[in-house]
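Going down the list, the protein sequences come from chains B and W. So the first sequence is residues 1 to 337, counted in the UniProt record's numbering. So the second sequence is residues 1 to 337, counted in the UniProt record's numbering. Notes follow the structure.
Number of protein chains: 2
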Amino acid sequence: MVTLAEVAQHAGVSASTVSYVLSGKRSISAGTRQRVERAIRELGYHPNAGARALAGGRSNIIALMIPLRTDMYVPVMMEIAIAVATTARIHGYDVLLLTGEEGPEAVRRVTGSGLADAMIVMDVQLDDERLPLLRETSRPSVLIGLPSDPTGLTCVDLDWTAAGALCAEHLAQLGHRDIAFIGEAPAVYERHTGFAERTLDGLRSRARELGLRVLHRPCAAGYDAVAATVTRVFDERPRTTGFVVQNESAVEPLLALLRQQGRAVPEDVSVVAVCPEQVAVQASVRLTSVAVPAQEMGRSAVEHLVAKLDGRGGDDVALIAPELTVRASSGMAPAVH
Amino acid sequence: MVTLAEVAQHAGVSASTVSYVLSGKRSISAGTRQRVERAIRELGYHPNAGARALAGGRSNIIALMIPLRTDMYVPVMMEIAIAVATTARIHGYDVLLLTGEEGPEAVRRVTGSGLADAMIVMDVQLDDERLPLLRETSRPSVLIGLPSDPTGLTCVDLDWTAAGALCAEHLAQLGHRDIAFIGEAPAVYERHTGFAERTLDGLRSRARELGLRVLHRPCAAGYDAVAATVTRVFDERPRTTGFVVQNESAVEPLLALLRQQGRAVPEDVSVVAVCPEQVAVQASVRLTSVAVPAQEMGRSAVEHLVAKLDGRGGDDVALIAPELTVRASSGMAPAVH
DNA sequence: ATGAAAGCGCTAACAC
DNA sequence: GTGTTAGCGCTTTCAT
């Protein structure tokens, strides 16, 4: 293993000079810099991460807590995680993957040991048990998600309330009066997951203002569960002409079921999804949708975090404005006979 | 920040005693142990990760390289990643998330800096450019996937060749003679991704032995792409009665298309999928399938890695035997008229 | 613009 | 069963 001292010797300079060449924290003459860089290359030197962390007081690692639950749309999680890792590298950080399993204890372990300099927390519940710890730690953190009380925290999220409202507006404009909201799995609501409840709230309150009737049905994954849900919807509200879906695994089953029942989309029934662009575009009917900007969320979270680590920027809530894209799945409500 | 020295002082013992209480590397009298543990608790002590890594020569971190490509079934990747993280924690390791983006350079950076003690590599191509580095590094590694030449490497994978063969056997037994294999996206084959090519090979060679005709069609994600593929299949081979699908995003579209064309599953056409159990069970027709044991793969990879870190176990290839579960999507080939 | 040297907090010989 | 101590490889004052 090559050490800084060996590089220094090889280059004929002192250890501190090598260190400063690496960090750029003081000016180095061109000649010295070149000799050092050459020595580094020739010896294949890589600074030791542990020594750096110990001496420098920072590990250059960001912890990312992802849920280990599998009842939510996984690709979104994955896309966020990858965006986080990619963006972090750009800023010189590596990413430590923590699953929700350890719970709040993981926060203590990672921050207490200096394993990570900061952390990003996903799958935030409205009243998340990790929040007190995050607030009291000296280490910066960013939530991807918005709890009930974001005081003293930095949050990055899609404005789900606005997203729900957008869906209601779109369907109202098209003349729909009875709409059904196919939501995430029941467990997601039972945990009071922020995004799910906010979307519902946003949809409901805008719907009320616009005179829409809304039937909300959480929906487990699987074709059968979707089938049961859709059947119940039409039983309870036969005049339903609009669907809002926030559950990627229900999208394709829903479209297949409507087809089977002889209900044409969008002539008889309109469908608006809240999902990643890719899902909307690849569905069997190109879906009118509010995009979930997973990459943007991951990237933004890292950038807020890096800003805090650099002493710039403080606590705030950064909500991304939702955008609804009209595609082939929504149209005028059918005339009432 | 609480240090080991402070704990030692508080407990009235020496630093090394505290260290040994923590590591369990030498016997400690019950009394001493208790006083130390009490001091640790009272002071809220957490060993500094950097100092540990420096002094101990090991970081207790495992690096996990995941692809950042999005053309393969993401939930499987995610499930593996989560299984890796969970299993790693059980063995006292944390997981560092590396995206494929940095390529082979990431291997050098992480192993060279001592950031990670070992690494797990996913999305292995038959002739992967990271392999030479992994072979020459002193740090242990495990591949999830099987390259052409696994010499000097430890690999964990499903036996995809056997999986492909199983599918052929099942359909042959049911009397099918013309089968179509809907595969992963074209890019996956162009990269020579191990699992995709091996499944194809296994299917093809067993099919040849059994007198089956196989039409292989890679298939991009999205309903339209699947529709085009299926149409071409029946154009070229009108007597196709069996489908093997290794492409999760094509599963539901395929079933929907067959339904639309009035082809009943399994009366007219049988479908066998190679996918996670969950997908097979939740599809609109419960699918006969060969399970992709994502969790098992992640867990096994970590256990092999930990064995190597502990000086137990050396290089070997651990292939998981595939299992085919018969469900509702496969049946006797229709009689020929 | 560069060097010397004092730690950072822990582990693991080496003592007893 | 416990204490003493010499590093681990780097960063960063303090000097010049």
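Where is the CB? At the ideal position from N, CA and C, for every residue including glycine. Note that the structure is a prediction, hence the values are computed from the model and not measured.
With burial defined as no fewer than 16 other Cβ atoms inside 10 Å of the residue's Cβ, what is the status of residue i: buried or exposed?
i              : result
Arg206(W)      : buried
Ala291(W)      : buried
residue 397(W) : Residue 397(W) cannot be examined here, being either before or after the span of chain W that is shown, 1 to 337.
Gly145(W)      : buried
Lys308(W)      : buried
Ile90(B)       : exposed
Ala187(W)      : exposed
Asp117(W)      : buried
Ser141(B)      : buried
Ser27(W)       : exposed
Val121(W)      : buried
Val336(B)      : exposed
Ser16(B)       : exposed
Glu79(W)       : buried
Ala301(B)      : buried
Ala264(B)      : exposed
Ser289(W)      : buried
Ala30(B)       : exposed
Arg41(W)       : exposed
What residues match up with residue i in a beta bridge as DSSP calls it?
i         : result
Cys275(W) : Ala291(W)
Ser270(B) : Gly242(B)
Val317(B) : Cys155(B)
Phe234(W) : In the DSSP output, where bridge partners are listed per residue, Phe234(W) has none listed.
Val214(B) : Ile179(B)
Met78(B)  : DSSP lists no partner for Met78(B).
Ala63(W)  : Leu96(W) and Met119(W)
Pro22(B)  : The question names Pro, but residue 22(B) in the sequence shown is Leu. Looking at the DSSP assignment, Leu22(B) forms no beta bridge with any residue, so it has no partner.
Leu324(B) : Val290(B)
Thr193(W) : Gln125(W)
Assuming residue i and residue j are in contact, meaning their beta carbons sit under 8 Å apart, how far apart are those beta carbons, in whole angstroms?
i              : j         : result
Gly8(B)        : Leu97(W)  : Going by the sequence as given, residue 8(B) is Ala instead of Gly. Not confirmed; about 33 Å, so no contact.
Gln125(B)      : Thr193(B) : 6 Å
Leu131(W)      : Ala172(W) : Contact flag wrong, Cβ pair sits at about 36 Å.
Ile62(W)       : Met77(W)  : Rounded, the Cβ-Cβ distance is 16 Å, inconsistent with contact.
Ala180(B)      : Leu143(B) : Actually they are not in contact, since the Cβ atoms of Ala180(B) and Leu143(B) sit about 31 Å apart, beyond 8 Å.
Met18(W)       : Ala11(W)  : Residue identity check: residue 18(W) is Val in the sequence provided, not Met. Right, the Cβ-Cβ distance comes to about 7 Å (below 8 Å), so this counts as a contact.
Glu37(W)       : Val21(W)  : 7 Å
residue 408(B) : Gly50(W)  : Nothing can be reported for residue 408(B): it is not among the residues displayed for chain B, which extend from 1 to 337.
Suppose contacts are defined by Cβ-Cβ distances below 8 Å. Is residue i in contact with residue j by that definition?
i         : j         : result
Asp159(B) : Ala321(B) : yes
Gly114(B) : Arg135(B) : no
Thr87(B)  : Gly298(B) : yes
Ala283(W) : Val251(W) : yes
Leu287(W) : Ala273(W) : yes
Leu319(W) : Asp128(W) : no
Val230(B) : Leu203(B) : no
Glu248(W) : Cys219(W) : no
Val271(B) : Val233(B) : no
Pro266(W) : Ser330(W) : yes
Ala83(B)  : Ala294(B) : yes
Asp316(W) : Thr137(W) : no
Arg177(B) : Ala333(B) : yes
Leu166(B) : Leu324(B) : yes
Val74(B)  : Val279(W) : no
Gly183(W) : Arg217(W) : yes
Ala221(W) : Ala185(W) : yes
Leu133(W) : Ala168(W) : no
Ala81(B)  : Leu54(B)  : no
Asp123(W) : Gly100(W) : yes
Phe243(B) : Val285(B) : no
His46(W)  : Arg109(B) : yes
Alpha helix (DSSP H) runs contained entirely in the region 103-158 of chain W, provided each spans 4 or more residues:
The region 103-158 of chain W contains these whole alpha helix (DSSP H) runs: 104-113 and 131-136.
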